[in-house]
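Number of protein chains: 2
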Amino acid sequence: MVQFDSAVVASQWSSMEVIMCMLSSGRCTRAHLYLLLLIIIALGFHTVEGIWPLPQTVTTSPERYPLNSQAFYFGYGRQSAAKPGCSVLDAAFKRYFFLIFQDYTSGNVPLRFNQNKPFTVEVSVDHDDCESYPNEDSSERYNLSVSAGKASLNAGTVWGAVRGLESFSQLVYQDEYGSYFVNKTEIDDFPRFKFRGILLDTSRHYLPVTAILKTLDAMAYSKFNVFHWHIVDDPSFPYQSSTFPDLSSKGAFHPMTHIYTQSDVRRVISHARLWGIRVIPEFDSPGHTQSWGKGQPDLLTPCYRGSTPSGTFGPVNPVLPSTYQFMTKLFKEVSSVFPDSYIHLGGDEVGFSCWKSNPDVRAFMQKMGFGGNFPKLEAFYMESIVNITSALNKTSIVWQDVFDYHEKIPKDTVLHIWKGTGYKAELSRITKAGMRVVLAAPWYINHIAYGQDWHNSYTVQPLNFSGTDEQKKLVIGGEVAMWGEYVDATNLHPRLWPRASAGAERLWSDEQQTSSVDKAFPRLQDFRCLLVRRGIRAEPLFVGHCKHEYQGI
Amino acid sequence: MVQFDSAVVASQWSSMEVIMCMLSSGRCTRAHLYLLLLIIIALGFHTVEGIWPLPQTVTTSPERYPLNSQAFYFGYGRQSAAKPGCSVLDAAFKRYFFLIFQDYTSGNVPLRFNQNKPFTVEVSVDHDDCESYPNEDSSERYNLSVSAGKASLNAGTVWGAVRGLESFSQLVYQDEYGSYFVNKTEIDDFPRFKFRGILLDTSRHYLPVTAILKTLDAMAYSKFNVFHWHIVDDPSFPYQSSTFPDLSSKGAFHPMTHIYTQSDVRRVISHARLWGIRVIPEFDSPGHTQSWGKGQPDLLTPCYRGSTPSGTFGPVNPVLPSTYQFMTKLFKEVSSVFPDSYIHLGGDEVGFSCWKSNPDVRAFMQKMGFGGNFPKLEAFYMESIVNITSALNKTSIVWQDVFDYHEKIPKDTVLHIWKGTGYKAELSRITKAGMRVVLAAPWYINHIAYGQDWHNSYTVQPLNFSGTDEQKKLVIGGEVAMWGEYVDATNLHPRLWPRASAGAERLWSDEQQTSSVDKAFPRLQDFRCLLVRRGIRAEPLFVGHCKHEYQGI
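Given below as structure tokens:
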């Protein structure tokens, strides 16, 4: 019954190799030394390598300082633009105190270091963006310097400071006596990509708000910064619109228990903000809209069998002025409810058979001179929707399909690549046209496989496509997608974590330093135990244990 | 992103077909009518088809009776051998009251039927086996008759009564006003196989006792009756032996936090007993024993490189008398701690390379006249272990390997079939030799795949192998195995449920009545929602929702 496991076997083999290289005359390569480091980690020595995702540059030393929860403080630097009262940092200080001193609430303060040596984490940021929302231009760079009795954390923005606090929290460890320590450390860190997203699908299954908030917490632990909320789709419409309440009262799985009220949405957005996470809603059309039709008569295209309506409906009806009036009102509301400058308009997988069957649509095609070219009709529709949201000063993200059939869309539109086959060619094609892209295709982690399938997310090389440096710059990031066909609150977290964290390191860290799954394995195992310790139901990578196992049921 | 789903597509197609058969002249086949029934279920009408696993015979009627938690009683029939004070039934009555009236604790008693119409479930059993343990001969047959104001539940044993109470609890439903109802119903039910097990592996990952108890609850909801506790293996030895405490203090992942104390084990056994579940421990040897070696010097075979010990160890050392003295003491303890008459001795996947390398083993082979035939040595070892447990009046279960290399083992030994390839030929071979078998091979549900992989467990045909009726009778049951390489408390329940329930119906119900996954789909969806309502993190089968979603995080 024992499973063959490449990572484990490889690192065992490597260990032997390293020991031999040490016993031998001594020509140890850099790889050998790195492997030695790995073994040290495996042996439980604490090194800054424990930070996940791996920071850009790190220097650490064995010199360690005890931390005592009775004499541990977060504070603002004298030069900091953000002062006490800064909502983002005040909240972060409190959260991270409890994340660092996990057993604090249980009251058993380690006695060994009770001679109150104070330790202060002094945070300084250049801009007072405490009450703002993170956006596409927010810098997340930070510098962290840990020395005797003090850690200095400097960042341009509070969002960078939040990332730095996460790294600091991961530097703290406990010895066998439960005493807390942090080692002398220097970190200069920044993300490789500025868009690092997670998609949740709340239409195929409804996710209680608590499950979403918990996901946001775990996202911050892996330094994700975008929550792509695929909030509605064919199966259900849980978003409770103030303008069109029928959409959820008739289109949700249940009009009261399976909806997101305006206050639910505000709660998600404000929780995300405190973690430096953007919330980008997707209202996918003209396809994937079956649930919209229940609460909005005449929105969907009536399909015909011969000369008579069949009683079924297709995509949004692109020929009626009422359609665009409805969309204008809906997106006006959505734009004000969701503060982010991005909005996702979908545009994927539109089937033409129903449009083709409908005489009014065919007549419209003739009038517009589209002939039989239905992609032209689809392009006409998407162009209209993009224009509606542009008028609302929103940047549109659309699925790659929109580019595939129609290359003339506003230059600032972001293309979202989801098709697994040939996504590298697509990256070349779209960036060559000067458009920005977000890559999701290789990170559809709703697809599961037996064994260590986190390797698939980890070994992605997002910029390994043929194109100029200018083209590569147009890849603004990536997204880990958890589609909801087989996922709800019962299994969401174990399927997301730590598998999504593998993608998180690919999107944050330097690819050269993080190219090996064997090197990542023990680090990800440690990080997974940290997630479990923080109450996230992160599933195991392989045989083993955590000091603190998940105790829930 | 929409997934193609055969079950859903099929049942949609079927619905249309049925409607057409009703509109048409009317030659509706039996299949059509069954499909009509399916549609009715899908529409939410309550029928006894809702019971999972499907009872052997059921007659139900639309006549329904309201149930009021204020006037609902479980009681003992006048003729019942079991009387008030019967531990199994007293406990079951209390459990099922709360399982039936789910919102009782939350206090919102439906008002609509408050004119206290009393309803009594009267239970009668032929034997007062209230304080005993379920065993391989325990009858689980029951007869349930629900009429106005009363349900009569008759069974030979309390274990049959517990199965009947589960079925009754699944008959109860709530209308839109929250009022409880049960329909007039007649059920005569019994299991197809008497051994219906679940294997949990607590060595590759440690499972907290709470996770095991929760598993036992969910097992009872699916009418499983054997908990095969694969308690120790190579990675760790969590069983705290009173005779050999070093086995866990040195062989467990942690000597205090990752062990099962004697009281933990008693807790598991007594919890299982109240559900009519047998607990069969497995102490697998001579292979899969690396963790045993840490606390028991000289137990494992020292491997040699050339003429010197390599420092690594292989399987249990079969040539030392001390080995058999140790095993005799260990199994004496285990036999008294675990009351079941069965004990699992493992015997799978023994590698010979280490034995071959060891000069003492080779010398022993010569002395015994085994020559170079190591299966003979393995047979010698297993025979000795089986004799030890036979002397303790235990029936041995061993993995199929033991039969494969050695056909002369006590006739009452049960062979456990686990190898996926050619398991039907193995069934023929072993039953032909007159040995009893338990089938696990097609139910290794630790192996996961994307999509509705419960189909694999459901479509198994355990008796579809070439053999006489006598041979088929030797298949005493099956087992769903959840090996622990990738599973711990964080993801155990969503991976087990409802996927294991598919196997449960195959093992309990009539195969002819339950041969179609399309017919099973809506029933299993309902059952999965029932599990979620009862606090089990059972994952969804496909797109959809439950009235009461999982609210935990």
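Chains as they are written, first to last, in the numbering used here: chain E, 89 to 641; chain D, 89 to 641. Even glycine gets a Cβ: it sits at the ideal position worked out from N, Cα and C.
Keeping to the same chain, check which residues put their C-beta closer than 7 Å to that of Asp352/D; ignore five residues upstream and five downstream.
-> Val297
Contacting positions in the stretch 349–363 of chain D - beta carbon closer than 7 Å to chain E = none
Using a threshold of 7 Å, is the CB atom of Arg611/E nearer than that to any non-hydrogen atom of the ligand SAH?
-> The ligand SAH is absent from the structure shown, which contains no ligands of any kind.
So is Gln613/E buried or exposed if we call it buried at 16+ other beta carbons inside 10 Å?
-> buried
Beta-carbon of Gln639/E versus every beta-carbon of chain D: anything under 8 Å?
-> yes
Report the three-state DSSP secondary structure of Lys282/E (helix, strand or coil).
-> coil
Return the residues of the stretch 240–264 of chain D that lie within a Cβ-Cβ distance of less than 9 Å from chain E, sorted by chain order.
-> none
What residues from chain D crowd round Ile319/E, counting only those whose CB sits closer than 8 Å?
-> Per Cβ cutoff of 8 Å: no residues; Ile319/E is ~14 Å from chain D at best.
Interface residues of chain E around Lys302/D at Cβ under 8 Å?
-> Ile641
Unbroken stretches of the alpha helix (DSSP H), 4 residues or longer, contained in the stretch 409–439 of chain E | 409–425
Burial state of Gly632/E, where buried means 16 or more other Cβ atoms lie within 10 Å | buried
In chain E, which residues lie less than 9 Å from Ile473/D when you measure between Cβ atoms?
-> Chain E residues near Ile473/D: none, gap ~19 Å exceeds 9 Å.
Reference Asn534/E, options Trp140/E, Glu567/E, Val525/E, Thr509/E, closest by Cα | Glu567/E
Near Ile139/D, what residues of its chain come up, given a Cβ to Cβ distance below 6 Å and the 5 sequence neighbours on each side ignored?
-> Ser255, Gln258
Report the three-state DSSP secondary structure of Gln262/D (helix, strand or coil).
-> strand
Against chain D: residues of the stretch 275–299 of chain E by CB proximity under 9 Å | Asp289, Ser291, Arg292, His293, Tyr294, Leu295, Pro296, Thr298, Ala299
Alpha carbon to alpha carbon, how far is Phe553/E from Arg587/E? Give it in angstroms, no decimals.
-> 24 Å
When the cut-off is 8 Å and only beta carbons count, does Arg625/D lie next to chain E?
-> yes
Beta carbon proximity, Ala577/D to chain E, threshold 8 Å = yes
From which residue to which residue does the alpha helix (DSSP H) around Cys442/D run?
-> 441–445
Extent of the continuous alpha helix (DSSP H) run through Thr519/D = 511–520
In the structure shown, what three-state DSSP assignment does Met344/E receive?
-> coil
Measure from the alpha carbon of Ser220/D to the alpha carbon of each residue in Ser358/D, Trp317/D, Pro143/D, then state which is nearest.
-> Ser358/D
So, helix, strand or coil for Met642/D, using DSSP?
-> Residue 642/D lies beyond the residue range present for chain D, which begins at 89 and ends at 641; the question has no answer from this structure.
Supposed close pair Asp225/E, Ala169/E - CB separation, criterion 8 Å | Their Cβ separation, rounded to whole angstroms, is 17 Å, which puts Asp225/E and Ala169/E out of contact at 8 Å.
If you draw a straight line from the C-alpha of Ser429/D to the C-alpha of Tyr348/D, how long is it?
-> 21 Å
When the cut-off is 8 Å and only beta carbons count, does His316/D lie next to chain E?
-> no
If you pair each beta-carbon of the stretch 444–458 of chain D with each one of the stretch 480–491 of chain D, do three or more pairs fall below 8 Å?
-> no
Under a Cβ-count criterion, where at least 16 other Cβ atoms within 10 Å of its own Cβ denotes burial, should Thr509/D be classed as buried or exposed?
-> exposed
Beta-carbon of Pro374/E versus every beta-carbon of chain D: anything under 8 Å?
-> no
Does DSSP classify Lys238/D as helix, strand or coil?
-> strand
Go ahead and label Ser113/E buried or exposed: buried means 16 or more other beta carbons lie within 10 angstroms of its beta carbon, across all protein chains shown.
-> At Ser113/E, the pLDDT of 39 sits below 50, so the modelled position is not reliable; the number obtained from the coordinates is stated separately. Under this definition Ser113/E is an exposed residue.
Should the stretch 374–390 of chain E be regarded as contacting the stretch 319–339 of chain E, the criterion being three or more beta carbon pairs within less than 8 Å?
-> yes
Which of the three DSSP states, helix, strand or coil, is assigned to Pro154/E?
-> strand
For Asp276/D and Asn313/D, believed in contact at Cβ under 8 Å, the rounded distance = The Cβ separation is near 19 Å, so there is no contact.
Just how far apart, CA to CA, sit Met110/D and Ser597/D?
-> For Met110/D, the pLDDT reaches just 37, beneath the cut-off of 50, and the residue's location in the model is therefore unreliable, leaving the point undetermined.
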